[in-house]
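Undergrad:
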Amino acid sequence: MPLSYPLVSIIIPCHPGTNPSVLNSIEKLDYPKDRYEILVEEGFNPSEQRNRGIKKAKGEIIAFTDDDCSMDSDWLKKAIKYFEDKKVGVVGGPNLTPKNASFLSHCFGYAMESYFGTASMSTRYRIAKVKEVTEKNLIFNNLFVRKEVFDRGIYLNEKMFPNEENEFMHRVQKNDFKLVYAPDVYVYHPRKNNILGFSKQLYGYGKGRMYQSVIQPDSFRIIFALPSVFFLSILLIPISIVFHIELLYTILITCTLLYFAIAFIVSFIIAINKRNAYIVLLLPFIFFILHFSYGLGFLREAFKNI
Numbered sequence: 003m004p005l006s007y008p009l010v011s012i013i014i015p016c017h018p019g020t021n022p023s024v025l026n027s028i029e030k031l032d033y034p035k036d037r038y039e040i041l042v043e044e045g046f047n048p049s050e051q052r053n054r055g056i057k058k059a060k061g062e063i064i065a066f067t068d069d070d071c072s073m074d075s076d077w078l079k080k081a082i083k084y085f086e087d088k089k090v091g092v093v094g095g096p097n098l099t100p101k102n103a104s105f106l107s108h109c110f111g112y113a114m115e116s117y118f119g120t121a122s123m124s125t126r127y128r129i130a131k132v133k134e135v136t137e138k139n140l141i142f143n144n145l146f147v148r149k150e151v152f153d154r155g156i157y158l159n160e161k162m163f164p165n166e167e168n169e170f171m172h173r174v175q176k177n178d179f180k181l182v183y184a185p186d187v188y189v190y191h192p193r194k195n196n197i198l199g200f201s202k203q204l205y206g207y208g209k210g211r212m213y214q215s216v217i218q219p220d221s222f223r224i225i226f227a228l229p230s231v232f233f234l235s236i237l238l239i240p241i242s243i244v245f246h247i248e249l250l251y252t253i254l255i256t257c258t259l260l261y262f263a264i265a266f267i268v269s270f271i272i273a274i275n276k277r278n279a280y281i282v283l284l285l286p287f288i289f290f291i292l293h294f295s296y297g298l299g300f301l302r303e304a305f306k307n308i
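Taking the working numbering, the leading residue of the sequence shown gets 3, the next gets one more, and so forth.
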């Protein structure tokens, strides 16, 4: 192995008093015990906690994961091989739904890993192909960063959470480092187990993405705003009824019916692939919650920064 066994620092942010379950997987890693260190950073601001860990870290490679993730024993070995290219600054892979998750949690996962649900960000939740990517494709609960990135003074924005990884990796890429998506470097991460929790999560993602667009205007893409257009369209339906704006009502209802038709078709295809007919009954509603909540969060942050 050209890189041999570089020293890896594994940083795990968690709430005070938490016993991170991810340690069970880390203890079983097929990697020399003297070639990795574990830094558990307690607190309530993941960006600050990770920065704190980075400053303590001795490793050539800094690995990030969450306290409730799990991974296979070859997680580190598979990741470090991508750093043989000296231009690679960041390597990341998908976070998958645990096999023993509930039906509802699996459905949340199906929505997040589908292109209809999250567009190009869907690679964060499913296994895709190896490629050089942008910040849209990677996520912090399964991320490896070359120490040189931090040596250049590129740390996390402690005012941001969630979406702190997007803002961080955007700056990394602008400093001429490559970002690589590694499908074989995956972790398992629990999904939310109720509709309210899922909605709050996507609301936060929408807020974070809009805030990033405010402080990094060049990171904005039209696709990020589409859920907010969907949100406004839903709100305008009752308004068009009250004020008898028939043309607007017709357009909005047609678009909404088209949306649910696509959601149903996508759900039907997923149900066939997963061999579970019940998916068709629930997944269209989950797609609606996903886009509606994200759009609301995006708009909320947009109005806040006007």
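We treat Cβ as the ideally placed atom computed from N, Cα and C, and that holds for glycine.
For V216, is the classification buried or exposed, using 16 other Cβ atoms within 10 angstroms of its Cβ as the cut-off for buried?
TA: Its Cβ having fewer than 16 others within 10 Å, V216 is exposed.
Undergrad: Between the Cα of S124 and those of F305, N139 and F110, spot the shortest distance and give me the residue it belongs to.
TA: Ranking the options by Cα distance to S124, first place goes to N139.
Undergrad: Going by beta-carbon coordinates alone, are V147 and I12 separated by less than 7 Å?
TA: Cβ distance not < 7 Å, so V147 and I12 don't count as in contact.
Undergrad: In whole angstroms, what separates the C-alpha of F118 from that of Y261?
TA: F118 and Y261: Cα-Cα distance of roughly 10 Å.
Undergrad: Taking only three categories from DSSP, how would you classify M123?
TA: It is helical.
Undergrad: Just how far apart, CA to CA, sit F200 and T252?
TA: Each residue's Cα considered, the two are about 31 Å apart.
Undergrad: Is the CB-CB distance between E137 and M171 below 7 Å?
TA: Yes; because the gap between Cβ atoms is below 7 Å, this pair is in contact.
Undergrad: Would you kindly work out how many angstroms separate the C-alpha atoms of D186 and N97, rounded to a whole number?
TA: Rounded to the nearest angstrom, the two C-alpha atoms are 11 Å apart.
Undergrad: Assuming I274 contacts A113 (C-beta within less than 8 Å), just tell me the rounded distance between them.
TA: The pair is not a contact, with the Cβ atoms about 16 Å apart (cut-off 8 Å).
Undergrad: Do the region 43–55 and the region 156–172 meet, that is, are 3 or more Cβ pairs less than 8 Å apart?
TA: These segments touch.
Undergrad: Could you spell out the range, first to last residue, of the alpha helix (DSSP H) harbouring L284?
TA: First-last of the alpha helix (DSSP H) with L284: I281 to K306.
Undergrad: From the DSSP output, which residues share a beta bridge with E39?
TA: According to DSSP, E39 bridges with S11.
Undergrad: Could you compute how far the alpha carbon of S295 sits from the alpha carbon of K133?
TA: Between S295 and K133, the C-alpha separation is close to 30 Å.
Undergrad: Between the Cα of S230 and those of H191, E303 and T67, spot the shortest distance and give me the residue it belongs to.
TA: Nearest of H191, E303 and T67 to S230, Cα basis: E303.
Undergrad: Kindly confirm or deny that the region 68–85 and the region 18–27 touch, where touching means at least three C-beta pairs closer than 8 Å.
TA: Yes: the two stretches touch, three or more of their Cβ pairs being nearer than 8 Å.
Undergrad: Using CA coordinates, which residue listed in V282, A103, H191 and G297 is at the minimum distance from L237?
TA: If we check each option's Cα against that of L237, G297 comes out closest.
Undergrad: In whole angstroms, what is the alpha-carbon distance linking N278 and C257?
TA: Rounded to whole angstroms, N278 to C257 spans 28 Å at the Cα level.
Undergrad: Using a Cβ-based criterion (distance less than 6 Å to any ligand heavy atom), does D32 qualify as near the ligand FMN?
TA: This structure simply doesn't include the ligand FMN, nor any ligand for that matter.
Undergrad: What's the C-alpha gap between P4 and E86?
TA: For P4, the predicted model reports a pLDDT of 42, less than 50, meaning its position is unreliable and no value from the coordinates is stated.
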